[in-house]
Amino acid sequence: MNQLREILRAQRGKRRLTQEQAGAAINVSGSLIAAFENGRAIPQPETAAQLDSLFGTGEEVQQAADEAREDARPSWLRPWTEHEQRATLLRWWEPLLMPGLLQLEEYARAVLQGGWLEDEVVERTVQVRHDRQAATVNRPKPPTLSAIISEFALMCAPPQVRREQLEHLLELSRRPKVQVLVVPRSAGLHAGLQGAFVLATLPGRGRAGYVDDQLRGRVVTDGSDLDQLEVSWEIVTGLALPVQASRDLIAKVVNDSE
């Protein structure tokens, strides 16, 4: 991250460009250039290539951005993101929040700012989440994602953020490779309420799972543990509303937010 900051500051200073001028040259805001230079954001590959072109630095900015992106991922998350990118199918259960791969940046920021994280850590985490989305659901040939969320998860967010997030969720649910189901409150108590998890189906019929807690997440590869997560998945699947009924419920929550 520090190397990327130093390169950007040095190259911009060498050309006597303000942040606003550098941004205008590649059609981004000066505030985004500032975010790159102070470490709150990392240029996406296309933007990094534009900065290399602007500064005449070959692939220096792109390489530094790739390294910064890798450094921004917590060490305990890296094994899972590799599974995530290789997966042909991701099955995601969330009782309290939107699945991370379906979160808008403002929603993710609102969740993270509600805790004990410093602002810089919040921004790096939002960036990592954005990169994970780009490498999975937003890539040209995405894996199939089946997401099941509880009705409670639809309700939690500031009104404007909630509305935008749910509209985004509805839009994503219409993609061919994305299925979103909702477990209604009427389902009552069930095994899924013990916590969120993700199951990844890997090439060659391999499997991996992921569970999270207040401190960090962990990858699950033990066969018996994966079998238990499979059982929990079957339970929440059986409790979930069908696709169209789930969309109707999400749309109702959106309308009630007006």
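All letters in the sequence shown, in the order written, are residues 1254 to 1511 by the numbering used here.
Glycine residues also receive a C-beta, built at the ideal position from the N, C-alpha and C atoms.
Local conformation of residue i per DSSP, three classes
i     : result
S1328 : coil
E1312 : coil
D1475 : coil
G1266 : helix
D1501 : helix
W1333 : helix
T1271 : coil
G1353 : helix
A1453 : strand
T1300 : helix
D1465 : strand
R1382 : helix
W1345 : strand
R1377 : helix
Per-residue burial, residue i [other beta carbons within 10 Å of its own, 16 or more giving buried]
i     : result
T1341 : exposed
G1491 : exposed
E1376 : buried
W1345 : buried
Q1447 : exposed
Q1467 : exposed
Alpha-carbon to alpha-carbon, residue j and residue i
i     : j     : result
V1484 : H1443 : 12 Å
V1390 : V1431 : 8 Å
V1374 : N1291 : 12 Å
E1347 : P1456 : 24 Å
A1301 : T1334 : 22 Å
L1502 : R1438 : 11 Å
P1352 : E1320 : 26 Å
W1486 : R1322 : 32 Å
T1454 : A1440 : 27 Å
G1459 : P1327 : 24 Å
A1288 : A1449 : 32 Å
G1462 : L1479 : 7 Å
S1282 : R1382 : 21 Å
R1293 : G1368 : 18 Å
E1313 : D1305 : 7 Å
G1266 : T1310 : 14 Å
Q1413 : Y1360 : 10 Å
I1401 : D1324 : 31 Å
Anticipated Cβ contact below 8 Å, residue i with residue j, distance rounded
i     : j     : result
V1496 : L1452 : About 19 Å; that fails the 8 Å criterion.
L1354 : R1385 : 6 Å
L1349 : A1277 : Not a contact, Cβ separation roughly 42 Å.
A1537 : L1365 : Since the first residue shown for the chain is 1254 and the last is 1511, residue 1537 is missing from the structure and cannot be characterised.
V1507 : E1420 : 6 Å
The ligand ATP heavy atom lying under 8 Å from the CB of residue i
i     : result
D1480 : This structure simply doesn't include the ligand ATP, nor any ligand for that matter.
Short CB-CB distance (under 9 Å) between residue i and chain B
i     : result
H1336 : Going by chain labels, chain B is absent from the structure shown, which holds only one protein chain.
Entirely within the region 1391-1441 and at least 3 residues each: give me those beta strand (DSSP E) ranges in chain order. You should have 1397-1403 and 1431-1436.
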